[in-house]
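K.L.:
I have a structure here, written as structure tokens, and I will follow up with some questions on it.
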Amino acid sequence: MDIHTSEMSACTTRRGRPAFVVNVEVFLERDGRWLLIRRGTQEAHAPGALAGVGGKVETDGAGADVLEETARREVAEEIGVDVTDVPLTYVGSGFFVTDDGDPVINVVFRGELPAHARPTAASAQEVAGLVWLTVAEAEADADCPPWVLHSLRRAAS
């Protein structure tokens with residue numbers, strides 16, 4: 020059995036259908052610059068890398084608009100900003116496997132960060148810092164992975 024077969028066998032439902040983690044990522048823009056987080060060094064996947072704000076869908080409270088609600092919850096948890104009234108626009112989705120082997124469906128949104136909002140790294144373990152970058156600056160940053168650049172470019176277009 021190869022590694023892909025063993026990985027996928029651990030990622031199925033009781034009935035044998037594929038099971039995935041669902042992740043939501045949000046790119047927030049203000050005045051032509053995009054807020055990116057620097058992932059905490061203790062994170063299992065892509066520690067220290069730049070990313071949009073985001074995290075996994077949780078079963079507690081899951082229901083209608085679960086992706087949008089997850090996006091809003093993660094923004095509040097990670098950068099301390101309430102985006103309840105901020106329209107979030109669907110950007111796209113993708114698939115990846117985490118560094119520790121979980122298959123992930125990633126759903127990307129974009130939104131405008133309100134002028135009064137003052138984001139901070141609310142969860143130091145998850146977020147080591149915040150940076151404001153243009154797309155060109157993100158492209159030049161060695162800590163910005165290609166998959167983040169892909170989503171950021173789509174969010175900016």
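Add 19 to the 1-based position in the sequence shown for the numbering used here, that's all there is to it.
Where is the CB? At the ideal position from N, CA and C, for every residue including glycine.
Keep in mind that this is a model prediction, so the values were computed, not measured.
Beta strand (DSSP E) containing E44: first to last residue?
P.N.:
Counting from 1 along the sequence shown, the entry for residue 44 is found at position 25. Start and end: V40 to R49.
K.L.:
In this structure, how does DSSP classify E131 when only helix, strand and coil are distinguished?
P.N.:
The sequence position of residue 131 within the sequence shown is 112, counting from 1. Looking at E131 - three-state DSSP - the assignment turns out to be strand.
K.L.:
Please classify H23: is it buried, with 16 or more other beta-carbons within 10 angstroms of its beta-carbon, or exposed?
P.N.:
Taking the sequence shown and counting its residues from 1, the one referred to as residue 23 is at position 4. Confidence is the limiting factor: at H23 the pLDDT is only 39, short of 50, which leaves the residue's position unreliable and the question unanswerable from this model.
K.L.:
With a threshold of 8 Å, are at least 3 pairs of Cβ atoms found where one atom belongs to the segment 150-160 and the other to the segment 72-79?
P.N.:
The answer is no - the segment 72-79 does not touch the segment 150-160, with fewer than three Cβ pairs under 8 Å.
K.L.:
Inspect the CB distances between the segment 88-105 and the segment 57-65 and report whether three or more fall short of 8 Å.
P.N.:
Flag = no, the segment 88-105 and the segment 57-65 do not touch.
K.L.:
According to the Cβ coordinates, are V110 and P133 closer than 9 Å?
P.N.:
For the purposes of this step, residue 110 is identified with residue 91 of the sequence shown, where counting begins at 1. For the purposes of this step, residue 133 is identified with residue 114 of the sequence shown, where counting begins at 1. No, these two residues do not count as a Cβ contact at 9 Å.
K.L.:
Taking a contact to mean a Cβ-Cβ separation below 9 Å, would you say L47 touches R129 in this structure?
P.N.:
If you number the sequence shown from 1, residue 47 lands on position 28. If you number the sequence shown from 1, residue 129 lands on position 110. Yes, these two residues count as a Cβ contact at 9 Å.
K.L.:
Grab the span of the alpha helix (DSSP H) containing T89 for me, first residue to last.
P.N.:
In the sequence shown, counting from the first residue as 1, residue 89 sits at position 70. Residues V85 to I98.
K.L.:
In chain order, what residues of the same chain have a beta carbon less than 8 Å from the beta carbon of T153, not counting five sequence neighbours either side?
P.N.:
Within the sequence shown, the letter at position 134 stands for residue 153. Once the five neighbours on either side are set aside, the close Cβ partners of T153 are G51, R52 and W53.
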